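Per our numbering, the sequence shown starts with residue 13, numbered consecutively.
In this text, a Cβ means the ideal position worked out from N, Cα and C, and glycines have one as well.
Since the model is a prediction, treat every value here as computed from it, not as a measurement.
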Amino acid sequence: MPPKDEEIKATIRYAQSLGLDVILKPMINCADGTWRAYINFFDIDVVCEPKWSDWFLAYRNFLLHYAKIAQEFGATMFVVGCELVSSDHREAEWRKLIDDVRGSYKGLITYNCDKYQEDHLTWWDAVDVISSSGYYPYNQWDKELLRIEKVVKKYNKPFFFCEAGAPSVEGGDLLPNDWTNKGKVSLEAQTRFYEGMLSACAKVDFVLGFGLWDWKAQIYSAKQATNDIDYAFYNKPAEKLIKDYYGRTN
């Protein structure tokens with residue numbers, strides 16, 4: 013179930029009361045658990061078959077509802093999509109959708125592409141900020157940042173990781189995007205991921221921030237942290253690492 017509008021508005025107001033800027037990021041998930049990146053249709057509309065045109069119309073209506081909330085409550089940034097990889101090639105539809113969003117929302121607009129997709133999108137010029145999901149192996153960050161930097165320079169846009177994180181499970185540092193990993197808890201793997209990411213990003217000047225995944229609305233207790241294998245970093249060693257990083261950079 014999606015959050016109610018009043019819950020979203022109250023959360024925005026609360027965050028702003030703490031002096032925080034707000035990024036509103038409406039996300040869609042498939043009811044059967046299929047990852048949204050696999051939402052796909054025929055490239056050419058076919059009668060009596062699901063169509064991209066129908067999907068974008070429905071998605072537009074969904075998105076504009078939240079764009080109006082973002083405008084009403086002064087959200088600093090609005091995310092028009094997250095990891096919708098199979099739709100990324102539908103350039104005309106995305107450009108039209110972004111134009112429609114700008115009719116309702118006057119702040120910064122970004123699209124959160126998936127990992128490894130930064131240099132495949134052809135319509136970065138249509139948004140204000142480039143963003144992606146930074147789920148890269150802990151020992152591959154330097155290489156991936158070199159690739160991403162070329163995109164940032166080409167479009168001359170600000171860049172940040174709209175998502176980035178790793179589960180505290182064995183292998184989470186090497187496959188941070190695998191949310192299905194139900195292996196043994198490893199706080200060390202999560203810490204190793206953050207060490208790799210933060211140290212690599214500290215060496216470049218184009219990464220302007222992170223949306224760290226994640227910190228749930230209802231978090232586990234402090235005592236349960238040592239047995240938690242999910243992405244949250246509350247009361248785990250990675251939390252101190254993150255605090256220290258922001259203490260140095262801010």
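Nearest-angstrom Cβ-Cβ length linking residue i and residue j, presumed shorter than 8 angstroms
i           : j           : result
residue 244 : residue 205 : In fact, because the Cβ distance is near 13 angstroms, the residues do not count as touching under 8 angstroms.
residue 90  : residue 115 : The pair is not a contact, with the Cβ atoms about 12 angstroms apart (cut-off 8 angstroms).
residue 82  : residue 36  : 4 angstroms
residue 144 : residue 168 : With 8 angstroms as the limit, residue 144 and residue 168 do not qualify as a contact, their Cβ atoms being about 17 angstroms apart.
residue 229 : residue 157 : Rounded, the Cβ-Cβ distance is 31 angstroms, inconsistent with contact.
residue 218 : residue 164 : 5 angstroms
residue 98  : residue 41  : With a Cβ gap of about 15 angstroms, residue 98 and residue 41 do not count as contacting.
residue 72  : residue 96  : Actually they do not touch by this definition, with Cβ atoms about 13 angstroms apart.
residue 74  : residue 38  : 7 angstroms
residue 150 : residue 127 : Incorrect: roughly 13 angstroms between the Cβ atoms, too far for contact.
residue 76  : residue 100 : The pair is not a contact, with the Cβ atoms about 20 angstroms apart (cut-off 8 angstroms).
residue 254 : residue 220 : Not a contact, Cβ separation roughly 16 angstroms.
residue 182 : residue 196 : 5 angstroms
residue 85  : residue 160 : With a Cβ gap of about 31 angstroms, residue 85 and residue 160 do not count as contacting.
Start and end residues, beta strand (DSSP E) containing residue i
i           : result
residue 120 : 120-125
residue 222 : 219-224
For residue i: DSSP bridge partner residues
i           : result
residue 146 : 176
residue 254 : Its beta-bridge partners do not exist; DSSP assigns none.
residue 56  : Beta-bridge pairing links residue 56 to no other residue.
residue 181 : 197
residue 35  : 89
residue 205 : For residue 205, which the question treats as bridged, DSSP gives no partner whatsoever.
residue 171 : 142, 219
Exposed unless 16 or more other CB atoms sit within 10 angstroms - verdict on residue i
i           : result
residue 202 : buried
residue 248 : buried
residue 93  : buried
residue 9   : As shown, the chain starts at 13 and ends at 262. That puts residue 9 outside it, with no answer to give.
residue 265 : Lying outside 13 to 262, the shown extent of the chain, residue 265 is not represented and no answer is given.
residue 189 : buried
residue 102 : buried
residue 256 : exposed
residue 174 : buried
residue 88  : exposed
residue 261 : exposed
residue 22  : exposed
residue 259 : exposed
residue 130 : buried
residue 44  : exposed
residue 68  : buried
residue 241 : buried
residue 59  : exposed
residue 222 : buried
residue 137 : exposed
Continuous alpha helix (DSSP H) stretch holding residue i: start and end
i           : result
residue 167 : 153-167
residue 23  : 17-29
Check: Counting only runs that start and end within the region 81-119, where is the beta strand (DSSP E) found for 3 or more residues in a row?
Finding: 89-94
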